[in-house]
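2 protein chains.
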Amino acid sequence: MTQAEIIAVGNEVLSGDVVDTNSNWLARQVTRRGGRVARITTIPDTVDIIAQAVRDAVARRADLILVTGGLGPTADDLTLAGIAAGLGRNLTEDAAALGMVARRYAELAARGYVQPGLTDARRKMAVLPQGSRPLWNSIGGAPGVRVDVEDATIVALPGVPEEMKAIFLESLTDLWAERLPLAYAERAGLAQVQDDSLLAPHHRAVSAAFPNVYIKTRVQAFGMADTILVTFAASASTAAEAQARVDAAFDALRDLLAAADIAFVGA
Amino acid sequence: MTQAEIIAVGNEVLSGDVVDTNSNWLARQVTRRGGRVARITTIPDTVDIIAQAVRDAVARRADLILVTGGLGPTADDLTLAGIAAGLGRNLTEDAAALGMVARRYAELAARGYVQPGLTDARRKMAVLPQGSRPLWNSIGGAPGVRVDVEDATIVALPGVPEEMKAIFLESLTDLWAERLPLAYAERAGLAQVQDDSLLAPHHRAVSAAFPNVYIKTRVQAFGMADTILVTFAASASTAAEAQARVDAAFDALRDLLAAADIAFVGA
Chain A
3 MTQAEIIAVG NEVLSGDVVD TNSNWLARQV TRRGGRVARI TTIPDTVDII AQAVRDAVAR
63 RADLILVTGG LGPTADDLTL AGIAAGLGRN LTEDAAALGM VARRYAELAA RGYVQPGLTD
123 ARRKMAVLPQ GSRPLWNSIG GAPGVRVDVE DATIVALPGV PEEMKAIFLE SLTDLWAERL
183 PLAYAERAGL AQVQDDSLLA PHHRAVSAAF PNVYIKTRVQ AFGMADTILV TFAASASTAA
243 EAQARVDAAF DALRDLLAAA DIAFVGA
Chain B
3 MTQAEIIAVG NEVLSGDVVD TNSNWLARQV TRRGGRVARI TTIPDTVDII AQAVRDAVAR
63 RADLILVTGG LGPTADDLTL AGIAAGLGRN LTEDAAALGM VARRYAELAA RGYVQPGLTD
123 ARRKMAVLPQ GSRPLWNSIG GAPGVRVDVE DATIVALPGV PEEMKAIFLE SLTDLWAERL
183 PLAYAERAGL AQVQDDSLLA PHHRAVSAAF PNVYIKTRVQ AFGMADTILV TFAASASTAA
243 EAQARVDAAF DALRDLLAAA DIAFVGA
């Protein structure tokens, strides 16, 4: 199973100005496709810290390192400099990336949205760590960047959510076929019980019996609700197998709860 | 300035089932009160990984380590075991914490919300790393936990947002007077400009001139918007000083943009 790490680069997340929804979206994608996110690290737009975070993720043997944010034209967009420093590679202008940037801005200028021309700030988005491949961004100006290093693949994506999603979904299908090929299933149920602690022993028993199924209880409002949401999730090589694992754990918990006089229905 | 780190513990965040809004709320609190969040780390409910994350934050000289999630009664709530392992301390039942848990459940049972009594699952919430102090939770069952270690303070808070906020706001005022005593100011403006890259040189100049002010530009939709949001934020020992710093940077950018024929108005 692919072990992924997400590195979110952005002072605006650390200051609390912006909620990092990118990491949640990426975590769902990785999980649904059969991978596992081992860690999400949010760090500032600082070259040394980005470099160390990349080295740490490689050292922890992550197969896939997804880095978001900091690819834009401004002075505080330092992600590619950080990745290059972390890998001990030079930064150089990439011809393919420059072609992508030129094409985007020519299109936007033709529609009257921006001034034409490759300014220094725009050219900066085509300066990549050596050995990188640019990834077409169908929404915005900054290409994504893919770097393969030892057994890991590093993918840098823009922080603007629509651009991040477009590159992930459109420009990496070959990588996902290799790294995230699995199917994913989930199922939820509602337990009619006043208190999470009454569910705990049954939750524990089913988790132990079905180690491949991730089972989580969610209390909606402490002490007030008489239902608790229980979610089951599993990955497998086929969708049918993932569904069968989830269903088996769901049925086992339902049977245990029925014996304890606790109603449990699909949600 | 207090250097804070946030450690969010939760498989449900790593799987993408839940968006971690707690870290954003805590980051805003720390920033507004004059601290700085250096890192947010999201990790699974695994004792060894929690232990290592706590040790790493202490080793990076964080003054304040805010840990969220994993304080509840279920088997996968392992945060206190992880903190204890990270600090090399034993876990012991804490009398004050047990009193808090007993009081909460007695209140809820009196209102008919839960069954009365201290079950093993409920007692678990009063088993703390040695040398901890429990923090009253006015909303839910699990006390927060404070541990002072070398020059750092570790605060463990529940993952349920309302409980996390209640403990932070109500049960730690003495700590904030010491660690987060400063005032915070922010101000925003809208630049009438088609493209972030045209703003970049002016942004860079003002950032260099006002290193104590954090200035961020936000593009709403690439290539489509004719306005870019610029936010300025600063902390200082008094609210007036923080505001003066923000205002000076705001005025400097407005003047530079006026000279470049770019309108800039308060937002």
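Residue numbers (the numbering used here), protein chains in the order written: chain A, 3 to 269; chain B, 3 to 269.
A virtual CB, placed ideally from N, CA and C, is assigned to each residue, including glycine.
Glutamate 95 of chain A sits in a strand when the DSSP states are folded into three classes. Counting only Cβ-Cβ distances below 8 Å, lysine 167 of chain B has no contacts in chain A at all, with the closest Cβ about 13 Å away. Listed in chain order, the alpha helix (DSSP H) runs fully inside the stretch 47 to 102 of chain B are 49 to 61, 81 to 89, counting runs of at least 4 residues.
Note: aspartate 253 of chain A is not bridge-paired with any residue in the DSSP secondary-structure output. Counting of Cβ neighbours within 10 angstroms places glycine 119 of chain B among the exposed residues, the total staying below 16. Pairing valine 39 of chain B with isoleucine 8 of chain B gives a Cβ-Cβ distance under 9 Å. According to the DSSP secondary-structure assignment, tyrosine 186 of chain B is paired through a beta bridge with B:Ser237.
An exposed status is given to arginine 113 of chain B, since fewer than 16 other beta-carbon atoms sit within 10 Å of its beta-carbon. Leucine 28 of chain B: member of the alpha helix (DSSP H) spanning 23 to 34, first to last residue.
The continuous alpha helix (DSSP H) containing aspartate 176 of chain B extends over residues 175 to 181. When the five nearest sequence neighbours on each side are left out, the beta carbons in the same chain lying within less than 8 Å of the beta carbon of aspartate 96 of chain B are those of Ala128, Val129, Leu130, Ser134, Pro136, in order along the chain.
Straight-line measurement puts the Cα of valine 15 of chain B at about 22 Å from the Cα of arginine 247 of chain A.
Counting along the chain, alanine 211 of chain A sits inside the alpha helix (DSSP H) bounded by residues 198 to 211.
With a threshold of 9 Å between beta carbons, threonine 81 of chain B makes no contact with chain A.
Only buried fits alanine 168 of chain A, as 16 or more other CB atoms lie within 10 angstroms of its CB.
Against chain B, the CB of glycine 143 of chain A has a partner CB under 9 Å away; the residue lies at that interface. Between aspartate 253 of chain A and the set A:Gln117, A:Thr240, A:Leu192, A:Ala238, the nearest pair of CA atoms involves A:Leu192.
Annotated three-state conformation of arginine 106 of chain B is helix, per DSSP. DSSP, read as helix, strand or coil, puts aspartate 122 of chain A in helix.
Taking the Cα positions, aspartate 78 of chain A is about 16 Å away from valine 69 of chain A.
Residues of the same chain with a CB within less than 8 Å of the CB of leucine 93 of chain A, apart from the 5 flanking positions on each side, are Leu82, Ala83, Ala86, Val129, Leu130, Pro131, Gln132 in chain order.
Of the residues B:His205, B:Met3, B:Ser199, B:Ala158, the one whose Cα lies closest to the Cα of aspartate 65 of chain B is B:Met3. Counting the other CB atoms within 10 Å of its CB gives valine 232 of chain B a total of 16 or more, which places it among the buried residues.
With a beta-carbon spacing of about 6 Å, arginine 124 of chain B and valine 103 of chain B fall inside the 8 Å limit used to define contacts. Only those residues of the stretch 143 to 164 of chain A whose C-beta falls short of 7 Å from the nearest C-beta of chain B are listed: Gly143, Val162. The DSSP-derived three-state label of proline 145 of chain A is coil. By the 16-neighbour rule on beta-carbons within 10 angstroms, alanine 53 of chain B is buried.
Contact of tryptophan 178 of chain A with chain B is not assigned, every C-beta pair being separated by 9 Å or more. Sequence-ordered contacts of the stretch 201 to 216 of chain B with chain A read Leu201, Ala202, Pro203, His205, Arg206, Ser209, Ala210, Tyr216 [C-beta pairs closer than 9 Å]. For glutamate 243 of chain A and leucine 28 of chain B, the gap between their C-alpha atoms comes out near 40 Å.
Beta-bridge analysis with DSSP links glutamine 5 of chain A to A:Arg38. Between aspartate 198 of chain B and threonine 76 of chain A the beta-carbon gap is near 7 Å, inside 8 Å, which marks them as a contact. In the three-state scheme derived from DSSP, where H, G and I count as helix and E and B as strand, arginine 135 of chain A is classed as strand. Interface annotation, serine 173 of chain B: not in contact with chain A, CB-CB separation never under 9 Å. Below the 7 Å Cβ cutoff, chain A contributes no neighbours of serine 237 of chain B, its closest Cβ being approximately 10 Å away. At a cut-off of 9 Å between beta carbons, alanine 61 of chain B makes no contact with chain A.
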